[in-house]
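Below is one structure, written out as C-alpha cells, with a few remarks after it.
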Amino acid sequence: MLRLHIIQAKCGDCLILEFGTQSHRRYILIDGGPDTIYESHLRNELQEIGKGGGKLDLVVLSHVDKDHITGLMDLMADLRQQRAGDATETIAIDALWHNAFSQTIGSSNDIEARLRIFLANASSASNRMTMTSVAIEGIGEGNQLRLAAAALGIPINPGFSHDIVCLDEAPEPIALGNLSLQVVGPTKKNLEELKKEWLDWLDKHENSLSLPNPSLAAMIDQSIPNLSSIMFLAEADGVKILLTGDGRGDHLLEGLKGANLLNSKGVLHVDVLKVPHHGSDRNVTEKFFKKVTADNYVISANGKDGNPDLQTLKWIVAAAKEQGRAIEIYATNETSSTKKLVKECDPKKFGYRLTEIKKRSHSMILEMAS
Numbered sequence: 001m002l003r004l005h006i007i008q009a010k011c012g013d014c015l016i017l018e019f020g021t022q023s024h025r026r027y028i029l030i031d032g033g034p035d036t037i038y039e040s041h042l043r044n045e046l047q048e049i050g051k052g053g054g055k056l057d058l059v060v061l062s063h064v065d066k067d068h069i070t071g072l073m074d075l076m077a078d079l080r081q082q083r084a085g086d087a088t089e090t091i092a093i094d095a096l097w098h099n100a101f102s103q104t105i106g107s108s109n110d111i112e113a114r115l116r117i118f119l120a121n122a123s124s125a126s127n128r129m130t131m132t133s134v135a136i137e138g139i140g141e142g143n144q145l146r147l148a149a150a151a152l153g154i155p156i157n158p159g160f161s162h163d164i165v166c167l168d169e170a171p172e173p174i175a176l177g178n179l180s181l182q183v184v185g186p187t188k189k190n191l192e193e194l195k196k197e198w199l200d201w202l203d204k205h206e207n208s209l210s211l212p213n214p215s216l217a218a219m220i221d222q223s224i225p226n227l228s229s230i231m232f233l234a235e236a237d238g239v240k241i242l243l244t245g246d247g248r249g250d251h252l253l254e255g256l257k258g259a260n261l262l263n264s265k266g267v268l269h270v271d272v273l274k275v276p277h278h279g280s281d282r283n284v285t286e287k288f289f290k291k292v293t294a295d296n297y298v299i300s301a302n303g304k305d306g307n308p309d310l311q312t313l314k315w316i317v318a319a320a321k322e323q324g325r326a327i328e329i330y331a332t333n334e335t336s337s338t339k340k341l342v343k344e345c346d347p348k349k350f351g352y353r354l355t356e357i358k359k360r361s362h363s364m365i366l367e368m369a370s
C-alpha cells in the first residue's frame, strides 16, 4: 500500500507517507509546517497513528526554513515533556534525516558565525530584516532539532557515512519494507555551489550596512541564497512519489540524472510530484514540467509570498494538455492563483481537476496503492 497524507500546513510543508501492508502500516513524516501547525493539525494525525500501534520509521526535515521545521521542533518538545513526566508519548520515532547548516554549508568555514554577526549588525541598523532574520533563526533551530533528537535517542542520518543525506552518500535506493527511497538531492556539487553563494552574499552585504540607504534591508531580504533541500523518490508497489521540499528544479533534474532515473529523452514520469517550494515560479521553469511529469501534483501553500504562483500552475496544466495527460492538482488551500487558474484555464479544456483540503479538516489523503 502507498498513501500520501497531505497535512494542512498553511504556507509550509507537512506530509505523511503511509506504506507497508493493511495489517502492518508504516509511516514517514516529511517536514512539520510552520508555527501552530503541530497543535492544530499534525498532532491529531500522529496521535491517530500512535493509537493504532504505529510509529514513524523516519522523520525527514527537507531543510531548515521555519515553514518546514517549526512543527518538528514542537513535536520534539512535546515528546521530551511527555518523557520527562513519564506520560504516554504521542508517537515513537526510529530515525531522523536532517542536514544541519553547520555540517553542510557551514562546514570548514566561518559562514555561520559571520551570518550571526551580520544579523546583529543589521538589526541595529534597520528593523526590516525580516527574511534575513527568519533564515538565520531557521539555521539555529536546525541545530536545536539535532540536539532534541539526540536527547530522545533518535538516530540522525543513520547509514550516511559523513552524516550528510545526499545523493553521493546514497547512490543506491534505501529499502524500508516494501518501500524504496532514492535520494536525488542535494549532491555534494550542489552544497559546494551553495557555500560559494553564501560566501559571495556575505562579501557583498557585510560592509554595506554602514551605507545610508533605506532600501538596503528590503534588497538584502530578497537576495538571501536558498537552502538546499533533501529530495527523494519514494516507490512502493509500482507507485512513485517525488518529494522535493523547496528544491530548485535544475538541481532536481541534475540529481535525477545522477541517480539514473531519467529516460533516454531526459524525462521522468511519476504518479505524484510534490511541487517544489510551494509552487513558486522562482524554483522551476516551464521546461521543468515537461521533463518531470506526473499524474498528480501536490501544492502546499496558502497565498503567502504569492505562492503558488499562477505562472507555475499554468506551466503544469499547459504541459499536461500538450502531452495529452489528464492530471489532478491537490492544493492545501484555495488562493487567488488557484481561482485565476480555473478562470483562465478551463479544467475541461485543459484536462485537469483541482482538489483542495476541506475547511476545518486536518488533511486529505491521496491513495495510490491499496
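Sequential numbering of the sequence shown, starting at 1, is according to the numbering used here.
Every residue, glycine too, gets a C-beta built ideally from N, C-alpha and C.
Comparing C-alpha positions only, which one of G20, I7, D203, H278 sits nearest to D237? G20
Residues bridged to M231 by DSSP? G185
Compare the beta carbon distance of A49 and G12 with 8 Å and say whether it is the shorter of the two. Position check: residue 49 holds Ile in this sequence, whereas Ala was assumed. No; because the gap between Cβ atoms is not below 8 Å, this pair is not in contact.
Using the C-alpha atoms, what's the distance from G52 back to I220? Reliability of the predicted coordinates at I220 is poor, the pLDDT of 46 falling under 50, and the value obtained from them is presented with this limitation in mind. C-alpha separation (whole angstroms): 48 Å.
CB-CB under 6 Å to K304, same chain, minus the five flanking residues each way: which ones, in chain order? C11
Can you tell me whether E322 is buried or exposed? The criterion is at least 16 other CB atoms within 10 Å of its CB, across all chains shown. exposed
Cβ distance (whole Å) where M231 is taken to contact G255 below 8 Å: 6 Å
To which residues of the same chain is K340 closer than 6 Å at the C-beta, ignoring the five residues directly before and after it? L310
Could you tell me the boundaries of the beta strand (DSSP E) in which I329 lies? 327-331
With 16 as the cutoff for other CB atoms within 10 Å, does N383 come out buried or exposed? The structure shown does not extend to residue 383, since the chain is modelled only from 1 to 370, so the question has no answer here.
Alpha carbon to alpha carbon, how far is E39 from T104? Give it in angstroms, no decimals. 30 Å
Within 10 angstroms of the Cβ of T88, are there 16 or more other Cβ atoms? Answer buried if so, exposed if not. exposed
Do you know offhand how far E192's Cα is from T312's? 28 Å
On the DSSP letters alone, give me the boundaries of the beta strand (DSSP E) that Q67 sits inside. Here residue 67 turns out to be Asp, not Gln, going by the sequence shown. First-last for D67: 66-84, but that is the alpha helix (DSSP H), not the beta strand (DSSP E).
For a quick check, are the C-beta atoms of A234 and L152 less than 8 Å apart? no
Taking the runs of the alpha helix (DSSP H) that are 4 residues or longer, which of them lie wholly in the region 20-69? 43-51
For G177, count neighbouring Cβ atoms within 10 angstroms of its own Cβ and tell me buried if that reaches 16, exposed if not. exposed
Could you check if R353 is buried or exposed, using at least 16 other CB atoms within 10 Å of its CB as the buried criterion? exposed
Taking the beta carbon of A369 as the centre, do at least 16 other beta carbons fall within 10 Å, making it buried, or is it exposed? exposed
Quick one: is V95 buried, meaning 16 or more other Cβ sit within 10 Å of its Cβ, or exposed? First, the amino acid is wrong: residue 95 is Ala here, not Val. The residue is buried, with at least 16 neighbouring Cβ atoms inside 10 Å.
Backbone secondary structure at H362 - three-state DSSP: coil
Extent of the continuous beta strand (DSSP E) to which A175 belongs: 174-176
Identify whether S336 lies in helix, strand or coil by the three-state DSSP scheme. helix
What's the gap between the Cα of L253 and the Cα of T187? 11 Å
Would you decide whether L366 is buried or exposed? Buried here means 16 or more other CB atoms lie within 10 Å of its CB. buried
CA nearest to the CA of E169, picked from V184, R325, K196: V184
Using the rule of at least 16 other Cβ atoms within 10 Å of the residue's Cβ for burial, across every protein chain shown, is K349 buried or exposed? exposed
To which residues of the same chain is G138 closer than 7 Å at the C-beta, ignoring the five residues directly before and after it? V64, D65, K66, I69
Can you tell me whether DSSP reads T355 as helix, strand or coil? strand
Interface flag, H98 vs chain E, CB-CB below 8 Å: Absent here is chain E; the protein component of the structure consists of one chain.
What is the DSSP secondary structure of A9, counted as helix, strand or coil? coil
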